[in-house]
Amino acid sequence: MEITAVSATNVSTESWGEFVEFPLVTVMSEYEEYNNAEGDNPQARRKWMGPVGDVVVEVETDAGITGVGHGNWATGAIATIVDETLSKLIVGEDPHERETLWDVMYRATIPFGRKGAAVEAISAVDLALWDIAGKAANKPVYELLGGPVREEIPCYASNLHPVDHETLEQEAIDYVEQGFDAMKMRFQYGPSAGRSGMKKNEEIVATVRDAVGHDIKLAADAYMGWNVRYAKKMLDRLEKYDLEWVEEPVIPDDIEGYADVRASTDIPISGGEHEFTRWGHKELLERGAVDILQPDVHRCGGLTELRRIDAMASAHDVPVIPHSGTNPHLHFIAASTNAPMAEYFPIPEWYKEQREGKDSTYADAIYQHPPSAEDGVIGLPEGEGLSAELNREALDHFAVE
Ligand SMILES: [Mg+2]
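Position one of the sequence shown corresponds to residue 1 (this note's numbering), numbered consecutively onward.
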């Protein structure tokens, strides 16, 4: 089989439905212009994220099989790297030779890559190659990976934005009633909000913990919005709430800070969704930065690289709970004994009316079979390849130049 063409299509965040603009702390919150802690600056995230949210990469072959891969953010850059560099390296090659093709793409992009958009572009192409392999074998990719290791995939409800206490409490109770035994909330404040922000961060954790009781796994996400000193103080206040993990307390490059924070608390620390390649994740593991690793297959180098990262994590006795629950992640989890669950983004009941009855978030519109949870689990992904059948009409509708 031979690769004949590669193309990349940028997709607007409009495809996500309403862009999520709930209040929360982010890596940008220390700048007032980008701070939406109180919910009074709803455009805060739009100013630095979007308007282009996704890129779809299609790899065509002379066998009539087309593989589909997917990337997020910096999508103009990803599309350009795919068009101008990666396509030249892989057209004419055998799509089954993923190991060589990965290495060739990685080495060729080192002058401007190693992390960021170039590795995201490699990730999308690599996923398309796995999709081709599955389609050519008439098998789901999790079977090619040696799975399934489980019959269904446990997932955690990932939303719980700090809108107000009553709404938050009801949302958490809704998830328990829907069968989720794990969920993740978001912190609202970072260092600039001082001690009163710390108190409010603690109060929302207390609210959710009280609402769901201690049998439910509860994690919380700081989205890189803190620093080491703040994280230590905040985690000290949170010890008593029995959190499953606290996510991305500091920026990804502060690996020493991660390790310092982790050593100061009994609360498990997670990170890795903004890390790239096996070399980046190796640092997190070897320097004792995390209890749980959260690579994103669309960022870290695709499935080829995620398997290597997972093997390393497993040797460090660190579970992998990937960032975001897209179909490629579900295939990976279905085939890894070291990946206990998936992230899943339900739409809160109180927000559904504004979302026109959609029952999940995130790039769903452009795919035929978006992940769907029931009773807190997702079934094994359906179909051949990476379950990446495009909704062509929606893709055309949301495509941007
Ligand atoms: Mg996260």
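From the three backbone atoms N, C-alpha and C, an ideal C-beta is built for every residue, glycine too. Predicted model only: the values in this text are computed from it and were never measured.
Cβ-heavy atom distance, residue i to ligand 1, below 7 Å
i, result
"H161", "no"
"E401", "no"
Span separating the alpha-carbon of residue i from that of residue j
i, j, result
"M234", "E202", "8 Å"
"E382", "I347", "22 Å"
"G288", "P319", "13 Å"
"H369", "R186", "28 Å"
"V176", "A157", "9 Å"
"P23", "V163", "7 Å"
"D404", "G71", "An answer regarding residue 404 cannot be provided, because it is not within the stretch 1 to 401 covered by the chain."
"G302", "D126", "5 Å"
"E99", "P140", "19 Å"
"D131", "A231", "40 Å"
"N10", "S264", "43 Å"
"S372", "I378", "6 Å"
"V212", "I173", "6 Å"
"Y106", "I78", "14 Å"
"S12", "K135", "28 Å"
"D103", "I269", "31 Å"
"K88", "L145", "28 Å"
"G67", "I255", "36 Å"
"I153", "H329", "11 Å"
"R299", "D40", "31 Å"
"V400", "H331", "29 Å"
"A311", "E244", "22 Å"
"Y142", "L306", "13 Å"
"L75", "V208", "Rather than Leu, the amino acid found at residue 75 in this sequence is Thr. Whole-angstrom Cα-Cα distance: 36 Å."
"F398", "R195", "43 Å"
"E97", "R308", "16 Å"
Continuous alpha helix (DSSP H) stretch holding residue i: start and end
i, result
"I255", "255-263"
"V104", "98-108"
"I81", "75-81"
"Y351", "349-352"
"Y230", "228-238"
Limits of the beta strand (DSSP E) - the one that residue i falls within
i, result
"K217", "217-221"
"N391", "Careful: N391 lies outside any beta strand (DSSP E) and carries neither H nor E."
"N327", "Here N327 belongs to no beta strand (DSSP E); instead the alpha helix (DSSP H) covers 327-334."
"D310", "First-last for D310: 302-315, but that is the alpha helix (DSSP H), not the beta strand (DSSP E)."
"S12", "3-12"
"S87", "Here S87 belongs to no beta strand (DSSP E); instead the alpha helix (DSSP H) covers 87-90."
"A63", "Here A63 belongs to no beta strand (DSSP E), and DSSP marks it neither H nor E."
"A342", "342-344"
"G39", "Per DSSP, G39 belongs to no beta strand (DSSP E) and is neither H nor E."
"V377", "377-379"
Near ligand 2: residue i beta-carbon under 7 Å from a heavy atom
i, result
"H298", "As far as ligands go, the structure on display features ligand 1 and does not contain ligand 2."
(message) Give the list of continuous alpha helix (DSSP H) stretches no shorter than 4 residues that lie fully inside the region 129-203.
(response) Every unbroken stretch of the alpha helix (DSSP H) spanning 4 or more residues and falling wholly within the region 129-203 is given here in chain order: 141-144, 165-177.
(request) List in chain order the residues whose CB is within less than 7 Å of at least one heavy atom of ligand 1. (result) Those residues are D221, Y223, E247, E248, E273, Q294, H323, given in chain order.
(message) At 4 residues or longer, what runs of the alpha helix (DSSP H) sit wholly inside the region 271-299?
(response) Secondary structure in the region 271-299: the alpha helix (DSSP H) runs of 4 residues or longer, each lying completely within the stretch, are 277-286 in chain order.
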